[in-house]
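Novice: Please see the structure below; I have some questions.
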Amino acid sequence: MNGKERPYVLHTNRELAMVLAGAKPLAVFAHERVDGFEKSDALANQDFAPHIADGTLSEHVKTITISLPSGAALDIDYWFYTLKGEEWRVEAYWLLIELLHRNAWSPQFEWLVGKLLGYTDQENILHLLKTYPEDRWVAEICGSQDS
Numbered sequence: 042m043n044g045k046e047r048p049y050v051l052h053t054n055r056e057l058a059m060v061l062a063g064a065k066p067l068a069v070f071a072h073e074r075v076d077g078f079e080k081s082d083a084l085a086n087q088d089f090a091p092h093i094a095d096g097t098l099s100e101h102v103k104t105i106t107i108s109l110p111s112g113a114a115l116d117i118d119y120w121f122y123t124l125k126g127e128e129w130r131v132e133a134y135w136l137l138i139e140l141l142h143r144n145a146w147s148p149q150f151e152w153l154v155g156k157l158l159g160y161t162d163q164e165n166i167l168h169l170l171k172t173y174p175e176d177r178w179v180a181e182i183c184g185s186q187d188s
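Residue numbers (the working numbering): 42 to 188.
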């Protein structure tokens, strides 16, 4: 599977349409806070604002500060968008982000991210096989899906 394209379409740059259609319960965007950076750049120029204003979507913004090897600090802004009733996903995703920035990542956490973002089990399996081809847990979970 390494080196091959995914047999499904990624959500990237299609988040707004997918959230509005109910096909994606959570959209997340992240970007390092730097001078000259516009929020629209992080959102791939998708205009969530009218849908927040009319109450269709909720927006949550969180920032994490990480320490760089140089000793400098870097702020990373995260923008979360959900349909009403799906806001719980923001806190669940944020817990995973905190683990990621503490170098405590695993394929199991990546599975949870995929579920929170609305990827199907099959899409998650294909992603994990591509990303973690030698991982024993991935092999076990993916093998159990064949039966």
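Ideal Cβ positions, reconstructed from N, Cα and C, are used throughout, including at glycine.
Report the partner residues of I105 according to the DSSP bridge assignment.
Specialist: I117
Novice: Spatial neighbours of E128 within its chain, please: C-beta separation below 8 angstroms, excluding the five flanking residues on both sides.
Specialist: In its chain, beyond the 5 residues on either side, S99 and H101 have a beta carbon closer than 8 angstroms to the beta carbon of E128.
Novice: Considering F150, what are the terminal residues of the alpha helix (DSSP H) in which it resides?
Specialist: Start and end: P148 to L158.
Novice: From the DSSP output, which residues share a beta bridge with Y122?
Specialist: A68 and E100
Novice: Use the C-beta contact count for V75: other C-beta atoms within 10 angstroms, 16 or more gives buried, fewer gives exposed.
Specialist: exposed
Novice: Answer with buried or exposed for L67, where buried requires no fewer than 16 other C-beta atoms within 10 angstroms of its C-beta.
Specialist: With 16 or more other Cβ atoms from the protein chains shown falling within 10 Å of its own Cβ, L67 counts as buried.
Novice: Considering Cα atoms alone, identify which of I117, P110 and G159 is closest to A83.
Specialist: I117
Novice: Classify K125 as buried or exposed, calling it buried when 16 or more other Cβ atoms lie within 10 Å of its own Cβ.
Specialist: exposed
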